[in-house]
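Trainee: Quick one: this structure, given as structure tokens, is what I'll be asking you about.
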Amino acid sequence: MKSSLRVFWVLSGALFVTAAMSIFTFLNLVPADHSGSLWMIYAAHWALIIGLLVVAFRRGSETMRLREHLLKSQQAELAFREKAINEHAMILTTDSEGKILSVNENFTNALGFRANGLRGSELRHFLGAADSAPYEAIARQTNGGDVWSGDLEVLSASGKLRILRTTAVPLFSTGMGHLKT
């Protein structure tokens, strides 16, 4: 950023000097015997301005290229981490109200559900306990911005109770609050 600012100020100064020289030359305020050297300086200033513009353009292009490379690297890293997590764990994502947004293949395979049939249904649907205390505890903690972890009884598609070691991680956004868990 500082080098771009320096280029801007040098370019502004060169443009100012060139404009002043142009005014002096075109208004014939320069003695005739000095006008040749003034034209040389004038040409040198224009060469400097063009050179600075080329340098500024190349730096801007290089900066954009580096930012794109960094963004692609970060996207690749996120995709790698997501793949590693999805290969290892059962993932269920809900909105802030507890409605299911998505599940991964490990989740559907382990519990016998189809992903399409789960989207939009309530998380309570899976809880094996007759009361909703586990659900309320998860909701209270994640709505407060905290991670919840513990054993949770869930119902498989066949109706069999399974106990799963579960971690619920809330996602918050500034100004929007609790987005999903």
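In this text, residue positions in the sequence shown follow full-length UniProt numbering: the first is 1, and each later residue adds one.
Positions of the beta carbon are idealized from the N, C-alpha and C atoms, including for glycine.
Report all residues from its chain with a CB closer than 7 Å to the CB of Phe113; omit the five preceding and five following residues, and keep chain order.
Mentor: Along the sequence shown, read from residue 1 onward, the residue named residue 113 stands at position 113. Ala157.
Trainee: Would Leu152 and Leu161 be called neighbours here (beta carbons separated by less than 8 Å)?
Mentor: Translated into positions along the sequence shown, residue 152 becomes position 152. Translated into positions along the sequence shown, residue 161 becomes position 161. Cβ atoms of Leu152 and Leu161: not closer than 8 Å.
Trainee: Who pairs with Phe57 in a beta bridge, going by DSSP?
Mentor: Position 57 of the sequence shown, counting from 1, holds the residue named residue 57. Looking at the DSSP assignment, Phe57 forms no beta bridge with any residue, so it has no partner.
Trainee: Go to Gly144, then tell me how far its alpha helix (DSSP H) extends in each direction, as first and last residue.
Mentor: Residue mapping note: residue 144 aligns to position 144 of the sequence shown, counting from 1. First-last for Gly144: undefined, no H or E at that position.
Trainee: Do three or more CB pairs link the segment 89-107 to the segment 59-68 at distances below 8 Å?
Mentor: no
Trainee: Quick check on this structure: which residue in Asn104, Ser73, Glu68 has the alpha carbon closest to the alpha carbon of Lys83?
Mentor: As a working note, residue 83 is residue 83 in the sequence shown. Of the candidates Asn104, Ser73, Glu68, the one whose C-alpha sits nearest the C-alpha of Lys83 is Asn104.
Trainee: Taking its Cβ as the centre, do 16 or more other Cβ atoms sit within 10 Å of Phe57, making it buried, or is it exposed?
Mentor: Start at 1 with the first residue of the sequence shown, and residue 57 comes out as number 57. Classification for Phe57: exposed.
Trainee: So if DSSP puts Leu66 in a beta bridge, which residue, or which two residues, is it bridged to?
Mentor: As a working mapping, residue 66 is identified with position 66 in the sequence shown. According to DSSP, which records beta bridges pairwise, Leu66 is partnered with nothing at all.
Trainee: Which one of Gln141, Ala43, Ala79 has the shortest CA to CA distance from Gly98?
Mentor: Within the sequence shown, numbered from 1, the residue matching residue 98 stands at position 98. Measuring from the Cα of Gly98, the nearest candidate turns out to be Gln141.
Trainee: In the structure shown, what three-state DSSP assignment does Ser158 receive?
Mentor: Position 158 of the sequence shown, counted from the first residue, corresponds to residue 158. DSSP, reduced to helix, strand and coil, places Ser158 outside both helices and strands of the structure shown, so it counts as coil.
Trainee: Short of 6 Å in beta carbon distance, which residues of its chain neighbour Asn143, apart from the five on each side in sequence? Order them along the chain.
Mentor: Residue mapping note: residue 143 aligns to position 143 of the sequence shown, counting from 1. If we look at Asn143 and ignore the five residues flanking it on each side, its Cβ neighbours are His178.
Trainee: Could you pull the start and end residues of the beta strand (DSSP E) that Leu171 belongs to?
Mentor: Against the sequence shown, residue 171 aligns to sequence position 171. Per DSSP, Leu171 belongs to the beta strand (DSSP E) from 171-173.
Trainee: Report, in whole angstroms, the separation of the C-beta atoms of Leu101 and Thr108, which I expect to be a contact under 8 Å.
Mentor: For the purposes of this step, residue 101 is taken as the residue at position 101 of the sequence shown. For the purposes of this step, residue 108 is taken as the residue at position 108 of the sequence shown. Leu101 to Thr108, Cβ: 14 Å. No contact.
Trainee: Beta-carbon separation of Ile49 and Ala14 under 8 Å?
Mentor: To locate residue 49, count along the sequence shown from 1; it is residue 49. To locate residue 14, count along the sequence shown from 1; it is residue 14. Yes; because the gap between Cβ atoms is below 8 Å, this pair is in contact.
Trainee: Between Ser173 and Lys180, what straight-line distance do the alpha-carbon atoms span, to the nearest angstrom?
Mentor: If you number the sequence shown from 1, residue 173 lands on position 173. If you number the sequence shown from 1, residue 180 lands on position 180. Those two C-alpha atoms are separated by around 10 Å.
Trainee: Tell me the rounded alpha-carbon separation between His69 and Glu77.
Mentor: Here residue 69 corresponds to residue number 69 of the sequence shown, with the count starting at 1. Here residue 77 corresponds to residue number 77 of the sequence shown, with the count starting at 1. The straight-line gap from Cα to Cα measures roughly 12 Å.
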